[in-house]
Amino acid sequence: MIPAEIEIDRALPSGGRVKHALQSYTEQAVGADADITRFHRVFYPVFRVEYEYERSGRLPWGEETVRDVTLIDGLWTDNHGPLQRYRAETDSIETVSLAAYDFGMDRAGLGRSVLLDFQVPTQRAAALLPNRLEGIAESKAFADPSSITSSFEEQLTEAFGLPDDLEPGSFRGVADVSRLYLPFWVCEVYRPESRDLIGAVRTVDDARTDGESPHEWLSTFFREDNSRLARYAHTSIRRAIDPPEPTESQDSDIDGNGSVDDHASDPATERVSETDAGERSDTSSATNERGADEPSDSAGTAEPRDCQSESNEPIQPEDAELDAATLVDPSPDRCFGDVGGMADLERTLRRSVIGPVQQPETFREYGLDPVSGVLLHGPPGCGKTYVAGALAGELEYAFLEVTPADLSSKYMGKPAENVQDAFAIAEANAPCVLFLDEIDAIASAREDQSSTSERGMVNQLLTELEDVSEDVLVLAATNLLSDVDDAIVRTGRFDEHVEVPPPDVPARREILRIHLEGRPLADDLDLDSVVDLTAGYAASDLEYIATDAARRALRDGEAIGTDHVLAAAEDVDSSVPDWAGSALGDGKTLTQPDDVDLSARSLVTPSVDRQFDDVGGMDGLKDRLEETVIDPLENAGQYAEYGLGVTTGVMLFGPPGCGKTHIAGALAGELDFAFLDVTPADLTSKWMGKPARNVADLFEIARQNEPCLVFLDEIDGIASARGGSDGTSQRQMVNQLLTELDGLEDEDVVVVAATNLLSDVDDAIVRSGRFDERIEVPPPDATARREILEVHLRERPVADDCRWDDVVEYTDGYAASDLALLADNAARTAMQAGDQVRERHLLEGVSETASSIDGWS
1 MIPAEIEIDR ALPSGGRVKH ALQSYTEQAV GADADITRFH RVFYPVFRVE
51 YEYERSGRLP WGEETVRDVT LIDGLWTDNH GPLQRYRAET DSIETVSLAA
101 YDFGMDRAGL GRSVLLDFQV PTQRAAALLP NRLEGIAESK AFADPSSITS
151 SFEEQLTEAF GLPDDLEPGS FRGVADVSRL YLPFWVCEVY RPESRDLIGA
201 VRTVDDARTD GESPHEWLST FFREDNSRLA RYAHTSIRRA IDPPEPTESQ
251 DSDIDGNGSV DDHASDPATE RVSETDAGER SDTSSATNER GADEPSDSAG
301 TAEPRDCQSE SNEPIQPEDA ELDAATLVDP SPDRCFGDVG GMADLERTLR
351 RSVIGPVQQP ETFREYGLDP VSGVLLHGPP GCGKTYVAGA LAGELEYAFL
401 EVTPADLSSK YMGKPAENVQ DAFAIAEANA PCVLFLDEID AIASAREDQS
451 STSERGMVNQ LLTELEDVSE DVLVLAATNL LSDVDDAIVR TGRFDEHVEV
501 PPPDVPARRE ILRIHLEGRP LADDLDLDSV VDLTAGYAAS DLEYIATDAA
551 RRALRDGEAI GTDHVLAAAE DVDSSVPDWA GSALGDGKTL TQPDDVDLSA
601 RSLVTPSVDR QFDDVGGMDG LKDRLEETVI DPLENAGQYA EYGLGVTTGV
651 MLFGPPGCGK THIAGALAGE LDFAFLDVTP ADLTSKWMGK PARNVADLFE
701 IARQNEPCLV FLDEIDGIAS ARGGSDGTSQ RQMVNQLLTE LDGLEDEDVV
751 VVAATNLLSD VDDAIVRSGR FDERIEVPPP DATARREILE VHLRERPVAD
801 DCRWDDVVEY TDGYAASDLA LLADNAARTA MQAGDQVRER HLLEGVSETA
851 SSIDGWS
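With the UniProt record's numbering, you'll find the sequence shown wraps up at 857, consecutive numbering, no jumps.
Right, here's the structure in full:
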């Protein structure tokens, strides 16, 4: 809800007077055909921070304590510097009622007045200046290069208007933090050829100035991104103007309604003087009506929970053995403003979680129950825990985080008691967000539950979820939904399933910016190349890159530059490569079919980064695949004209370690197909009927992510030659595989299988019509062996005069994997000798590396 009253530093002049002055100036400066089309009273949020420091030399007896003021940007958008010009005006503030203001609550679009929302909790704002000064003090203490520290200190002084005699070591802390708003009139001028946000004014003189307005920073801020006015509007305003699925025009329009604002002709506009008079008359009465300790009714103006009472310690229920003090954060100091990027995720949580929690009566009016639980899923390190804490901060709820280690116990029945205690603590500290991290380890799929104690813990969790009160919001996190017990996942316990994917391009840029904030940065720092390089990286990977870049810059005695960040990124691999497809910029994303237990993310690579040129040798094999698979797919019409079908099944056979898996991936890369790699371990199960279901799931994933190449590695372990000793489950799996292979005729799916011996595979699988092409992958020939060795030594120091002929001759009968090991051994020997890799090192490697397929027929 919009607060009943707020504190401002000054009253604005009549909108009519300001608009008249702006219109006159616009016609003179821009032209007679210019017109003001949008006119808003904007309340910009700021934190007024009073701090103390020791100053020496002013008094005979030594140091004196001085108190000063700085303003911190409430939108957390680095507008701290421009705000300092308003510090003197905040020495005297007044309280105004918002009852008469038009905030656009009854129509689509922003109203005449716009209240911008605080993006961070008060505690975070209070910690900003101390943390930065402490960082400078530590840099000086550890002999950080003085030029860097000095430059950073100057930037800090300028940004926050700090006095010249404030030394980082003399800072004594923050004495008081208050929230208030700076009001502005903001207008947009219309010209036939363009529209441009031209003005932000606080006085009539501002509107008449012929030079740059003293508030030009605000005009520039909104002009840089014309969605900011709507995006930063108070939560209640955004809910009113933002439909469930925002359109492109809404995202790009400053008013959020996709049309030209006609406030200039609105009858309400003509009553500006009357409205302003009403606002002024409410000032004194509003001040007297509110008690000194009474909190505001808005998240935008209310103090955090720890500022509302003297004691903010977690409450410990009498019968609970779990320690509330170690598990509960009564007032989490983060919110969505601290979450880098992830705009879609924030929009989903605001619509699906925060809205129902904050307006339960409205939802019940439409027969909708408030959300009872939210299950966050996605790769590790991408911020599920951090998002859960930020959601608690947004709601101003206590945050109770529970991990499997907190609940498990070696004593029978104790895990179930711990679950009961966790919910009791949440109830005692309500309103509370109870976050169950790694819920798959707490409530795994029941087929994986091996003990009575584990089953008892799951049953207790089910009971608690059924009886949880409305003041407790339960969040849980898992990497894969399929790993969680079905009864936990079903509707009624976790109504919302929200994916937290690897960060996209805007999110990666924002995460890097957040983790680089507060460090000395080069003026020409450009993150674009780093953002492109880190597609598919987790948020935790990006945090490490920022830290490593700072270390590199410190060693070089320079500010952090593009080269430092890029070098750090190149040395770090993604910790979540299996999920990388969802974050790649090539438009290829993964689809997880409904009612499928297998995980698409763990099996499918959306885009393979190798092709035939990356495969050493095997020219005959590559030509065969080009002729039988690639050409028929690329020229299907021509083949159909001659009555020839497209090859959808290829069986690769040959000794182990000779590159069957590698060539299959390269084939997917040549076709630009997704690559689904599966082994018998992914499909088999001890439960009756489960293997056959897994096979059906596998091909459903392939169809949903077509065009797709399915690679069945070690197919003899999936569909071995059938005999009298085969179990029912094994026969069902083979029959399901036969069914799926027969059904691929009209699908954009190619199946490649691999085995060592064709005789080990069920005859029905091998026969024509299922695997039309059966291609041997033999040990590499002489040409292939040399190319394979060159590939594995490509990034290593090899002598220019290194001779290969003897090495190639002596490795006849070696598998490709043997040659990779030989290259490693040769490089290690050369390194120990302090030399480049030479022929003698390779020959030593031959003597140390035997063929793993010796005697293979």
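Note that the Cβ used here is the ideal one computed from N, Cα and C, for glycine as well.
- Comparing C-alpha distances from Ser482 to each of Val565, Ser602, Asp571, Val798 shows the shortest one belongs to Ser602.
- Between Pro780 and Gly561, the C-beta spacing is not below 8 Å.
- Contact between Asp541 and Gly654 fails: their C-beta atoms lie close to 38 Å from each other, not under 8 Å.
- Under the rule that a run must span 4 or more residues, the alpha helix (DSSP H) segments found entirely inside the stretch 771 to 812 read 782 to 792, 805 to 810.
- Between the stretch 635 to 654 and the stretch 800 to 807, the count of C-beta pairs closer than 8 Å stays below three; the two stretches do not touch.
- Using a C-beta cut-off of 8 Å, the stretch 415 to 422 makes no contact with the stretch 375 to 392, since fewer than three inter-stretch Cβ pairs fall below that distance.
- Per DSSP, reduced to three states, the secondary structure at Ile6 is strand.
- Residue range 690 to 704 is occupied by the alpha helix (DSSP H) that includes Phe699.
- Ala674 is positioned such that its CB atom lies closer than 8 Å to that of Cys708.
- The beta-carbon separation of Glu63 and Glu54, rounded to 5 Å, stays under the 8 Å limit for a contact.
- DSSP, read as helix, strand or coil, puts Leu166 in coil.
- Closest in C-alpha terms to Cys658, from the list Pro778, Lys686, Leu667, comes Pro778.
- The C-beta separation of Leu391 from Ile425 comes to about 18 Å, leaving the pair out of contact by the 8 Å criterion.
- Counting C-beta pairs with one atom in each stretch, the stretch 517 to 525 and the stretch 495 to 503 have fewer than three that are closer than 8 Å, which means they do not touch.
- A buried status is given to Gly536, since no fewer than 16 other beta-carbon atoms sit within 10 Å of its beta-carbon.
- In the DSSP assignment, no residue is bridged to Tyr232.
- Shown here for Gln736: same chain residues with a beta carbon closer than 7 Å to its own, the five before and five after excluded, namely Ala692, Val695, Ala696 in chain order.
- Ranked by Cα distance from Gly620, the first of Asp805, Thr122, Ile775 is Ile775.
- The Cβ neighbour count for Arg794, taken over all protein chains shown within 10 Å, is under 16; the residue is labelled exposed.
- In this structure, Thr478 is the residue among Thr478, Glu464, Val474 with its C-alpha nearest to the C-alpha of Ala441.
- Residue state for Glu570 is assigned as helix, using DSSP reduced to three classes.
- In the DSSP assignment, Glu89 falls outside any beta strand (DSSP E) and carries neither an H nor an E.
- Pro606 has its alpha-carbon roughly 26 Å from the corresponding atom of Ala719.
- Here Gln420 is buried, its C-beta having at least 16 other C-beta atoms within 10 Å.
- Excluding its 5 nearest sequence neighbours in each direction, Val402 has C-beta neighbours in its own chain below 6 Å: Ala422, Leu436, listed in chain order.
- For Val751, the CB contacts under 6 Å within the same chain, skipping 5 residues up- and downstream, are Gly649, Val710 in chain order.
- A direct Cα-to-Cα measurement between Glu7 and His234 gives close to 15 Å.
- The DSSP assignment places complete beta strand (DSSP E) segments of no fewer than 3 residues inside the stretch 607 to 687 at 649 to 653, 674 to 678, in order along the chain.
- Non-local beta-carbon contacts of Ala666 in its own chain, meaning distances under 7 Å to residues more than five positions away in sequence, involve Arg610, Gln611, Phe612, Asp614, Val615 in chain order.
- Taking C-alpha positions only, Gln119 is separated from Gln84 by approximately 19 Å.
- If you draw a straight line from the Cα of Ile715 to the Cα of Thr661, it comes to about 12 Å.
- Under the DSSP assignment, Ser113 falls in the beta strand (DSSP E) whose first and last residues are 113 to 115.
- Residue environment for Tyr101: buried (at least 16 other C-beta atoms within 10 angstroms of its C-beta).
- Per DSSP, reduced to three states, the secondary structure at Ile442 is helical.
- Of the other Cβ atoms in all chains shown, fewer than 16 fall within 10 Å of the Cβ of Gln832; this residue is therefore exposed.
- Separation of Tyr544 and Leu156 (C-alpha to C-alpha, rounded to the nearest whole angstrom) is 24 Å.
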